[in-house]
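All letters in the sequence shown, in the order written, are residues 41 to 330 by our numbering.
Let me begin by presenting the structure, written as structure tokens, before commenting on it.
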Amino acid sequence: MNNKSRLFKLFYSGFKNVLAFGLIAVLIASCSDLNFSGSKADKGHMDFHLTDAPASYDEVNVDVQGLRIHYTPQSSDTVTSDTTNSDGKWIDLPLDPIRLNLLELTNGIDSLIASADLDPGHYKELRLILGDDNDVVINGETHHLKVPSGQESGYKIKFKTDLESGDDLDVTIDFDAARSVHKAGKSGKYILKPVLKAFISGGEDMETGSIAGNVEPLDAEATVYAIMGTDTSSTQPDSEGAFTLVGLNVGSYDLNIQPANDAYNDTTLADIQVNAGEENNLGTITLSEN
């Protein structure tokens, strides 16, 4: 082999080593950028869903602009699940602004609005941030929904959980449209005052359950109420008579079914048990005629 060949071989070998080293450095830097507060394996995961109970409107459209959650590290010795202090911080969850008709998110249907890998720790309180493009449709007529001022930081939602490494949780935010839309006196204007609650709806930390079933006949136009003491949840069956009441605290409920059609009688089923993480399906409930 002549001198030129040897020099070329040495140059080529050195170039490959430099290129390989450069690629490794880029990969390390990229991984560092993606997981600047720890590897994905050190984190837990939360998906955030939005749902609603039926209301007597054609549509209730809300302009969702953001979602925040309060976080306190596990390393804080002075913090418990019920405490918020200077060690905590607000986290803006990744959310693409979206306009949703709440009345399409009923009877167990929801919309995934945010998903995030999060550091282990104590999570307490959510804040839902709304824009100005909100309206309610009544008898085919659209009315703007005014959002009260002073809510730039978001609407408070009571919530708390401890997230561990490897946890995979679903969090559902229940936006009660029926109790959130208000008519402003005789002005003909409408105001949006969100009534919200949140609960773990999937994962090992579920603390709520659900009741499901079917109501017949369809022309009864029933409303279904789950009642336990002062705790009441309601829904209306869909076009096939199916209903689901989600986010119910554990306990024994009375299920009251009230038809809008006077041709049928009210019906109450007593002692319906709700267990954490379970759906109690009651099958078909047939209302009697007057």
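Every residue gets a Cβ at the ideal spot worked out from N, C-alpha and C, and that includes glycine.
The structure displayed is predicted, hence computed values, not measured ones.
First and last residue of the uninterrupted alpha helix (DSSP H) at A252 | Where A252 is concerned, there is no enclosing alpha helix (DSSP H), although the beta strand (DSSP E) it sits in stretches over 248 to 256.
Other residues of its chain near P234: CB distance less than 6 Å, five sequence neighbours each side excluded = Residues Y195, S220 of the same chain have their beta carbon placed closer than 6 Å to that of P234, with the five preceding and five following residues left out of the count.
Backbone CA spacing between K226 and D214 [nearest angstrom] | Taken atom to atom, the span from the alpha-carbon of K226 to that of D214 is near 29 Å.
Within 10 angstroms of the Cβ of S328, are there 16 or more other Cβ atoms? Answer buried if so, exposed if not.
-> S328 is exposed by the Cβ-count criterion.
Cα separation between A300 and E261?
-> The alpha-carbon atoms of A300 and E261 are separated by roughly 5 Å.
Given N82, which residues of its chain have a CB within under 7 Å of its CB, disregarding the five upstream and five downstream residues?
-> This sequence places Asp at residue 82; Asn is not what is there. So the list reads S205, once near-sequence residues are dropped.
Please state whether DSSP places D172 in a helix, a strand or coil.
-> Reduced to three states, the DSSP call for D172 is coil.
Alpha carbon to alpha carbon, what distance is there between L142 and G269?
-> Approximately 27 Å between the Cα atoms of the pair.
Counting along the chain, where does the beta strand (DSSP E) carrying A316 start and finish?
-> The continuous stretches of beta strand (DSSP E) do not include A316, and DSSP gives it neither H nor E.
Pick from A303, A154, D98 that is closest to E144, judged by C-alpha positions = Distances from the alpha-carbon of E144 to those of A303, A154, D98 put D98 closest.
Nearest-angstrom Cβ-Cβ length linking S332 and A93, presumed shorter than 8 Å | Any property of residue 332 remains undetermined from this structure, which presents the chain solely from 41 to 330.
Of the residues E181, P277, I240, G243, which one's Cα is nearest the Cα of V255?
-> When each option's Cα is compared against that of V255, the closest is P277.
Taking just the CA atoms, how far does D202 sit from G128?
-> C-alpha separation (whole angstroms): 13 Å.
With 16 other CB atoms within 10 Å as the buried threshold, where does N101 fall?
-> For N101, the number of other beta carbons within 10 angstroms of its own is at least 16, and it is reported as buried.
Count the other C-beta atoms from every protein chain shown that fall within 10 angstroms of the C-beta of T112, then say buried if there are 16 or more, exposed otherwise.
-> Per the 10 Å Cβ criterion, buried.
Assign K164 to buried or exposed, taking buried as 16 or more other Cβ atoms, counted over all protein chains shown, within 10 Å of its Cβ.
-> The residue in question, K164, is buried, as its Cβ has 16 or more Cβ neighbours within 10 Å.
Buried versus exposed, by CB contacts within 10 Å (16 or more), H350 = The requested residue 350 is not part of the displayed model; the chain covers only 41 to 330.
Report the rounded CA-to-CA distance for A266 versus I178, giving the unit in angstroms.
-> Spanning the alpha carbons of A266 and I178 requires a straight line of approximately 27 Å.
Can you tell me which of the three DSSP states A266 falls into?
-> Per DSSP, reduced to three states, the secondary structure at A266 is strand.
From D294, D259, R108, T284, pick the residue whose C-alpha is nearest to that of L166; which is it?
-> In terms of Cα proximity to L166, the closest of D294, D259, R108, T284 is R108.
Among N320, D306, N305, the one whose alpha carbon lies nearest that of I312 | When only C-alpha atoms are compared, the closest one is N320.
State the Cα-Cα distance for the pair G243 and K200, rounded to the nearest angstrom.
-> Across the structure, G243 and K200 are spaced so that their CA atoms are roughly 14 Å apart.
With a threshold of 16 other CB atoms inside 10 Å of the CB of N305, please say whether the residue is buried or exposed.
-> Exposed, by the Cβ-count rule.
Can you tell me the Cα-Cα spacing of A303 and G180, whole angstroms?
-> In a straight line, the C-alpha of A303 is about 28 Å away from that of G180.
Out of S193, M86, L140, state which residue places its alpha-carbon closest to the alpha-carbon of V104.
-> Residue L140 is the option with its Cα nearest to V104.
N-terminal and C-terminal residue of the beta strand (DSSP E) that K273 is part of = Note that residue 273 is Ser in the sequence shown, not Lys. Taken as a continuous stretch (DSSP letters only), the beta strand (DSSP E) holding S273 covers 271 to 275.
Measure how close the beta-carbons of I325 and G253 come, nearest whole angstrom, since I'm counting them as under 8 Å.
-> So it is a contact: roughly 6 Å between Cβ atoms.
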